[in-house]
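Numbering (mature numbering (1 follows the signal peptide of the UniProt record, and there is no 0)), first residue to last: -26 to -1, 1 to 91.
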């Protein structure tokens, strides 16, 4: 019977340790909202206008850190992510009528750092 008691204590300890490990690691993972590369320019511009009516999109304006590349896809991705982050990173805040995608890989590039709150 002592072996069973020791084994049970070990299993409980292991479960508690793994639970804390998982919690710490999940807090360091991020999620970002980007535009689907197959989305047409009209929809991308609509997404930019919507997001930028809700949040400050200064970083996609000329001279901003995310202006280049100066494409609707890039600007929409940055604007959509700014909105997604500001709203609390809920999947429904990256819908954009089916044109948004959530990624766990940081899409930052060059001087353009995608916000993560």
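Note that the Cβ used here is the ideal one computed from N, Cα and C, for glycine as well.
In terms of residues, what are the limits of the beta strand (DSSP E) holding residue 56?
Here residue 56 corresponds to residue number 82 of the chain shown, with the count starting at 1. Residue 56: not part of any beta strand (DSSP E); member of the alpha helix (DSSP H) spanning 46 to 60, first to last residue.
Would you mind giving the Cβ-Cβ distance between residue 58 and residue 7, rounded to the nearest angstrom? I have them listed as a contact below 8 Å.
Along the chain shown, read from residue 1 onward, the residue named residue 58 stands at position 84. Along the chain shown, read from residue 1 onward, the residue named residue 7 stands at position 33. Beta-carbon to beta-carbon, residue 58 and residue 7 are separated by about 4 Å, close enough to satisfy the 8 Å threshold.
Using the Cα positions of residue 65 and residue 37, report the straight-line distance between them to the nearest angstrom.
Your numbering for residue 65 matches position 91 in the chain shown. Your numbering for residue 37 matches position 63 in the chain shown. If you take the alpha carbons of residue 65 and residue 37, they lie about 31 Å apart.
Near residue -3, which residues of its chain fall below 6 Å by C-beta distance, leaving aside the five closest residues on each side in sequence?
Here residue -3 refers to the residue found at position 24 of the chain shown. With a pLDDT of 36 at residue -3, under the threshold of 50, the modelled position of this residue cannot be trusted, and the question is left open.
In or out: residue 11 buried (at least 16 other Cβ within 10 Å) or exposed?
What you label residue 11 is simply residue 37 of the chain shown in a count that begins at 1. It counts as exposed.
Beta bridge counterpart(s) of residue 9 as assigned by DSSP:
Position 35 of the chain shown, counted from the first residue, corresponds to residue 9. Residue pairing of residue 9 in beta bridges, as defined by DSSP: 74.
Using a Cβ-Cβ cutoff of less than 6 Å, which residues in the same chain neighbour residue 5 once the five nearest sequence positions on both sides are dropped?
Taking the first residue of the chain shown as position 1, residue 5 is located at position 31. In chain order, 63, 76 and 78 place their CB closer than 6 Å to the CB of residue 5, counting only its own chain and leaving out the 5 sequence neighbours on each side.
In the structure shown, what three-state DSSP assignment does residue 86 receive?
Against the chain shown, residue 86 aligns to sequence position 112. Three-state result, residue 86: strand.
Are the beta-carbon atoms of residue 43 and residue 18 separated by less than 7 Å?
In the chain shown, the residue the question calls residue 43 occupies position 69. In the chain shown, the residue the question calls residue 18 occupies position 44. Going by C-beta atoms, residue 43 is not nearer than 7 Å to residue 18.
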